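Worksheet: one structure, shown below.
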Amino acid sequence: MQYISTRNSKIKLTSAEVIAMGLSHDGGLFVPETLPVLKSNAVEALCKMTYQQRAVYIMSMFLEDYSVDELKDIATKAYNNKNFDTPDIAPVRSINENTSFLELWHGPTCAFKDMALQVLPYFLTSALIKTGEEREVCILTATSGDTGKAALEGFCDVDRTKIIVFFPKDGVSDIQKLQMTSQKGENVNVCSVVGNFDDTQTGVKYIFSDEQLREKLSENGYFLSSANSINWGRLLPQIVYYVSAYCDLINSGKISNGDKVNFCVPTGNFGNILAGYYAKSIGLPVSKLICASNSNNVLTDFINTGTYNKNRDFYTTISPSMDILVSSNLERLLFEISGHNDKLISGYMQKLNSGGTYTVADNIYKTVAADFASGFCNDEQTKNAISEVFKKYNYLIDTHTAVGYHVLQEYRKTSGDDTQAVIASTASPFKFCEAVLEALGKKYDLSGLELIDKLAEVSGVKAPLPLMSLKEQKERFTQSVEKDKMMNVVESFLIK
Ligand SMILES: *Cc1c(COP(=O)(O)O)cnc(C)c1O
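Next up, the structure:
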């Protein structure tokens, strides 16, 4: 199976090549040229498998140049009881007869990005061997919080890789900061940047585009790559848990094989929900994919009207990982729906770049509207959702997951569609203690770390070990630079 770029479908590469490259040189994103299909008896077989076995099965459908043994090895290294605090890896918790949560936060950083970032480093090191790349890869990441730590954990001490994470000095929470600055590993570096997230991200983009630096690093045996969700290697592991959740619903007797389910996904960059779309495309019985946004509701408007318009106010919310106005992975969806029309998609993306807006053709919009529903939720409603779910079901959810819950309730009210639904639960509530405690009617003047204990006390729920043990962690990385000095950090880390 070959992969093509959303902006030039004549470029055809192997899966190893696209995983090593990340982004296509034409600025497009890679997708499979043709999609594999689940065999008629596949779901039945998958129901009897462990999460790791399901992962190998689904990933091998998309990665012809990785052997099954290789994928088994990767799944074992990524999804084991050292990294995950439950043998189910991504368990489904049902709260009533037709609503369940798919818990994607049992990994080392307690957010769903672990599901993919525990796998990507192994995909990548295999890809280096397969493509004959002799240099080492250095991952550069600008983070507003969750991605940086998940990438650090994933790449920590992985052969032939190094990783540098830049975060905005005053732009992350106490917990997020300590999670990153206490990171272990010989191949990692963490540095804060004086400025906000945009400054940090712009600095990283600038480093990527510097020809001179690229040559210098190459002479020293390195090339730069990115760990964000434009890489196909991050999307693919996410398809697995949609299939896995479906199997778990069958195993628990909630549905019969073949019944349709809805998935509701709290969305930022459109990566997670797009993986759900691919799961549906390969034949998983999915009815609606419900896209849940916070007050940054650019996707809600798009799904309701067919016009994407990023020219709008930006809101800082209590679900910060969804505070995004440009959802990169939407490009992949439009490419798929348009029947791989690279010219059309390039045109939309050009319009987005120049004027900040585009409107898709009618036939594309019709398909979007058939497959997707959408809704959004403000901070007040988010807190109400946390409180409601806790009071009614004694189940604690985080702010992002709460956006999903609220939007699902609204969708059910307006559509009357009571189909069995699964909400993607994207983070542990203990990552966002302050907002979750406020939702439960409690306010304390305490530091982030102290709030973890408070939330455990108030809710009666045990905090995840990786967050509890932060208290014993020492800050290891204290470097902070102006944004025009970020390049020096890269050079002095890589060139000894
Ligand atoms: C990244 C993230 C999201 C958004 O996921 P996308 O794939 O960007 O749509 C939602 N919730 C949490 C907790 C996240 O970290």
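Using the working numbering, you'd call the opening residue of the sequence shown number 2 and step up by one each time.
All C-beta atoms, glycine included, are put in the ideal place defined by N, C-alpha and C.
Just so we're clear, the structure is a prediction, and the values are computed from it rather than from any experiment.
Any non-hydrogen atom of ligand 1 within 7 angstroms of residue i CB
i, result
"Ile274", "yes"
"Met323", "yes"
"Ser230", "yes"
"Lys114", "yes"
"Ala428", "yes"
"Thr144", "no"
"Asp147", "yes"
"Phe31", "no"
"Asn9", "no"
"Gly269", "yes"
"His401", "yes"
C-beta atoms of residue i and residue j nearer than 8 angstroms
i, j, result
"Ala428", "Ala91", "no"
"Ile325", "Asn270", "yes"
"Glu376", "Tyr406", "First, the residue type needs correcting, since residue 376 is Gly and not Glu in the sequence shown. Taking 8 angstroms as the Cβ cut-off, Gly376 and Tyr406 do not qualify as a contacting pair."
"Leu218", "Leu495", "yes"
"Gln54", "Leu250", "no"
"Thr15", "Glu332", "no"
"Phe63", "Leu237", "yes"
"Val138", "Leu125", "yes"
"Met487", "Val241", "no"
"Phe156", "Ile164", "yes"
"Ile319", "Thr383", "yes"
"Leu129", "Met116", "no"
"Arg477", "Thr182", "yes"
"Gly307", "Leu290", "no"
"Leu335", "Tyr349", "yes"
"Leu36", "Ile283", "yes"
6 angstroms Cβ shell around residue i - same chain, five flanking residues per side excluded
i, result
"Asn42", "none"
"Ala246", "Val93, Leu103 and Val423"
"Gly449", "Ser174, Asp175 and Ile176"
"Gly172", "Asn197 and Phe198"
"Phe85", "His107 and Gly108"
"Ser95", "Ser101"
"Ala280", "Ile240, Tyr243 and Val244"
"Asp343", "Arg8, Asn9 and Ser10"
Same chain only: Cβ atoms within 7 angstroms of residue i, ignoring 5 sequence neighbours per side
i, result
"Tyr52", "Tyr80, Asp89, Ile90, Ala91 and Ser245"
"Tyr223", "Arg136, Glu137, Cys139 and Leu495"
"Ser339", "Leu345, Ile346 and Ile365"
"Asn1", "With the chain represented from 2 up to 497, any question about residue 1 goes unanswered, as that position is not in the structure."
Cβ neighbours of residue i in the same chain (closer than 8 angstroms, five flanking residues each side left out)
i, result
"Thr268", "Ile274, Cys292, Ala293, Ser294, Leu300, Met323 and Ser328"
"Tyr316", "Asn295, Ser296, Asn297 and Asp324"
"Asp211", "Met488"
"Lys455", "Cys434, Leu438, Lys443, Tyr445 and Leu447"
"Ser388", "Ala440, Leu441 and Gly442"
"Ile208", "Leu141, Leu214, Leu225, Met487, Met488 and Val491"
Rounded distance between the beta-carbons of residue j and residue i, thought under 8 angstroms
i, j, result
"Asn188", "Thr162", "6 angstroms"
"Cys507", "Leu409", "Since the first and last residues shown for the chain are 2 and 497, residue 507 lies out of range."
"Val44", "Val57", "Rounded, the Cβ-Cβ distance is 16 angstroms, inconsistent with contact."
"Pro465", "Phe431", "6 angstroms"
"Asp147", "Pro169", "Between Pro169 and Asp147 the Cβ distance is about 14 angstroms, and since that is not below 8 angstroms, they are no contact."
Within-8 angstroms CB hit, residue i to chain D
i, result
"Glu451", "No chain D appears in the structure shown, which is made up of a single protein chain."
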